[in-house]
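Trainee: Under the numbering used here, think of the first position of the sequence shown as 21, with each following residue one higher.
In this text, a Cβ means the ideal position worked out from N, Cα and C, and glycines have one as well.
None of the values given here were measured: they were computed from a predicted structure.
For reference, the structure I am asking about is given below.
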Amino acid sequence: MRPTLTTGLLIAALAAPTAALAQTSEGRDLARLAFTSVDQADRGYIDQGEFTTFGSDVFVSMDYNGNDRLSLGEFLTWGFGMEQVAEEAGRAEAYETAMRVVFAFWDRNGDNEITRTEHRQSLLTDFRRADTNNDAVLTEEEFLLGFSVNVAARAAINPPPAE
Ligand SMILES: [Ca+2]
Ligand SMILES: [Ca+2]
Ligand SMILES: [Ca+2]
């Protein structure tokens, strides 16, 4: 992955999620909805098993041509539900850039395809990063603040003020 300015900003956002806490209420609602769908057992938190099960379902629905790999096109086409929020906020382009950055993070060997293994490993890394208190489960707040897709969408839709 070639580092770019946007990548640097995202890394900063990932490193300090609370700094980018503010986001649109619709975006937050969507992220909350995502949390609810991952939280299959309805316990108010998600464990690694729920997270990877959800991830593998998402992988299947993203893999439009069924070749067990996600192309950038498949990744961008699928949509996390945030793109409409981004569009309404006039941030469609920034949102797409942010999703490209997430794709580049998840494409660990940089061959422009995300394999099933890369996807699973990336989600596990995301899970551990988001689990700030290290108790092996994610609360809704940890998920909203730490899951890379949420972090990237938030940074794109509601960027920190320019200096
Ligand atoms: Ca595919
Ligand atoms: Ca790859
Ligand atoms: Ca936790």
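Please go through the same chain and pick out, in chain order, the residues whose beta-carbon is closer than 8 Å to the beta-carbon of A61, but skip the five residues on each side of it.
Mentor: Residue numbering aside, residue 61 sits at position 41 when the sequence shown is read from its first letter. Once the five neighbours on either side are set aside, the close Cβ partners of A61 are E70.
Trainee: Three-state secondary structure (DSSP) at N178?
Mentor: Counting from one through the sequence shown, the residue named residue 178 turns up at place 158. Residue state, collapsed to three classes: coil.
Trainee: Could you tell me which uninterrupted alpha helix (DSSP H) segments, each at least 4 residues in length, are contained entirely in the stretch 103–132, listed from first to last along the chain?
Mentor: 112–126
Trainee: Taking only three categories from DSSP, how would you classify R89?
Mentor: On the sequence shown, position 69 is the one that residue 89 refers to. Looking at R89 - three-state DSSP - the assignment turns out to be strand.
Trainee: Could you check whether the Cβ of E94 sits closer than 7 Å to any heavy atom belonging to ligand 1?
Mentor: Residue mapping note: residue 94 aligns to position 74 of the sequence shown, counting from 1. Within the cutoff, so yes.
Trainee: Measure the CB-CB distance between F125 and A150 and report whether it falls below 8 Å.
Mentor: Walking along the sequence shown from the start, residue 125 turns up at place 105. Walking along the sequence shown from the start, residue 150 turns up at place 130. No. Outside cutoff.
Trainee: My output table needs one value for E94: the three-state DSSP class, helix, strand or coil.
Mentor: The sequence position of residue 94 within the sequence shown is 74, counting from 1. Correct three-state label for E94: helix.
Trainee: At the level of alpha carbons, what is the spacing between V80 and G130?
Mentor: Taking the sequence shown and counting its residues from 1, the one referred to as residue 80 is at position 60. Taking the sequence shown and counting its residues from 1, the one referred to as residue 130 is at position 110. Their backbone Cα atoms lie some 21 Å apart in a straight line.
Trainee: On the DSSP bridge list, what partners appear for V58?
Mentor: Residue mapping note: residue 58 aligns to position 38 of the sequence shown, counting from 1. V58 pairs with nothing; no bridge assigned.
Trainee: When a residue counts only if its C-beta is closer than 6 Å to some heavy atom of ligand 3, which residues count, in chain order?
Mentor: D151, N153, D155, V157, L158, T159 and E162
Trainee: Go ahead and label G75 buried or exposed: buried means 16 or more other beta carbons lie within 10 angstroms of its beta carbon, across all protein chains shown.
Mentor: Within the sequence shown, residue 75 is the residue found at index 55, counting from 1. The residue is buried, with at least 16 neighbouring Cβ atoms inside 10 Å.
Trainee: May I ask you to report which of helix, strand or coil DSSP gives T159?
Mentor: The count along the sequence shown starts at 1 and reaches residue 159 at position 139. Of the three classes helix, strand and coil, the one that applies to T159 here is strand, per DSSP.
Trainee: Is V105 closer than 8 Å to E46 when the C-beta atoms are compared?
Mentor: Position 26 of the sequence shown, counted from the start, is the residue given in the question as residue 46. Position 85 of the sequence shown, counted from the start, is the residue given in the question as residue 105. Contact flag set, yes.
Trainee: Going by CA-CA distance only, name the one from Y65, T145, D155 and D83 that's closest to V169.
Mentor: In the sequence shown, the residue the question calls residue 169 occupies position 149. It is T145.
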